[in-house]
Amino acid sequence: YSALTSLARACPESALHRVGSMFRSKRRKFRVTSEDPTYTVLYLGNATTIQSKGEGCTDLAVCKIWSKSEAGRQGTKMKLTISAQGIRMAHAEDKGLRRPGHLYLLHRVTYCVADPRLPRVFAWIYRHELKHKAVMLRCHAVLVSKPEKAKAMALLLYQTSATALAEFRRLKKRDDARHQQQQLVGEQSIPLVPLRKLLNGQCCYKPPVERSRSAPKLGSITEDLLGEEQEERAMHCDCEDILEALGEPEGELLRAGAGRGEGPELGQLLRDLGELSLGNDLRSLRADLRVRRLLSGESTGSESSLESNGPDGAAPPCNGAEQPPPGDPETG
């Protein structure tokens, strides 16, 4: 202690300050990942639809949901989160019950819209995968407190899907190029999966096939010639139905795919299937100041009750819509 005291008396204050600053810790805060935006919504239900995207494809389904929910008076209060994985909904008032939530994967969401007829309603179309590779399209709808919140959710989901899809395509192209190099040079010289990708994980836009409910289970393979012939006939009929729905005969579409510039390419049609369509005008959503403030985390005013039917959310434009039968499991 005496040696330190004598040293402090001998050294000037500036020198002691420099020595102390060498051991002084400088703490800084950095935000590594921001939390995904979460909204309190009233889940109104869902209804089946036959159109995955396009202008007005949710009109009839939203009318059915709106009428079954008694103009937004009946529903389940949920917490809706939009992330790179998709739309996640959990029960808002879960008092120790631990009820399971719902996750709508991003690559299966084909369409979203802030309904212009019901400004406080946000709807999206989801491609449900059932057993034996069966597919069912359902329109889901939620009621929010303000019209700008529904617009912000639609814009956020569209931007999140576009970013995740671009990243998925970039990683897919890189993997394909690495696989081609591996086939040309050899497996030992070029690793198939980089170490950085193993550490960071897979792209969450489209999870692996084995995580899907409709993934085929491993089992014994039995040869059935009659069954294979029936499957080939059914597949041929399905292809003809798809070509007729596209409005092009089979021969013309194949010739258009073979010769460039002579018609719509099949690759472009396949690429369009993975893109999420937005039912609102993108420029107007991005130019809306209230929407931008919501996306940036700022508040746009006091929250109104979800159960209250104000002039924005209680407009009854769907009274003339066809009512589903009482036992129809379209909504729930």
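Counting in UniProt numbering, the sequence shown runs from 1 upward without gaps.
We treat Cβ as the ideally placed atom computed from N, Cα and C, and that holds for glycine.
Between the segment 34 to 41 and the segment 79 to 94, the count of C-beta pairs closer than 8 angstroms reaches three or more; the two stretches touch. Residue burial annotation: I50 is exposed, with fewer than 16 other C-beta atoms found within 10 angstroms of its C-beta. Counting the other CB atoms within 10 Å of its CB gives P147 a total of 16 or more, which places it among the buried residues. D281 and T110 have their C-alpha atoms some 16 angstroms from each other.
Distance between G54 and M136, taken at the CA atoms: about 17 angstroms. In this chain, the alpha helix (DSSP H) harbouring A162 covers 147 to 185. By the Cβ-count criterion, P100 is exposed, with fewer than 16 other Cβ atoms from all chains shown falling within 10 Å of its own Cβ.
For the pair of segments examined, the segment 160 to 177 was found not to touch the segment 60 to 75: the number of CB pairs separated by less than 8 angstroms stays below three. Measuring C-alpha to C-alpha distances from R73 to each of K79, R127, M89, L42 identifies L42 as the nearest.
A Cβ-Cβ contact shorter than 8 angstroms links V121 with V62. If you look at I87, you'll find it in the beta strand (DSSP E) that goes 86 to 91. Following the DSSP letters along the chain, one finds L282 inside the alpha helix (DSSP H) bounded by residues 282 to 287.
DSSP places C139 inside the beta strand (DSSP E), whose first and last residues are 135 to 143.
Counting along the chain, the unbroken beta strand (DSSP E) around K79 starts and ends at 76 to 82.
Closest option to L278, judged by alpha-carbon separation, among L155, H179, R178: L155. Judged by DSSP in its simplified three-state form, S69 adopts coil rather than helix or strand. Distance from the CA of G56 to the CA of A92, rounded to the nearest whole angstrom, comes to 31 angstroms. According to DSSP, residue pairing for G297 in a beta bridge does not occur. With at least 16 other beta carbons inside 10 angstroms of its own, V142 counts as buried. Residue pairing by DSSP places L42 opposite K77, L143 in a beta bridge.
Your pair A47 and R138 checks out as a contact, with CB atoms roughly 7 angstroms apart and the cut at 8 angstroms. When C-alpha distances from L44 are compared across L105, K133, L118, the shortest belongs to L118.
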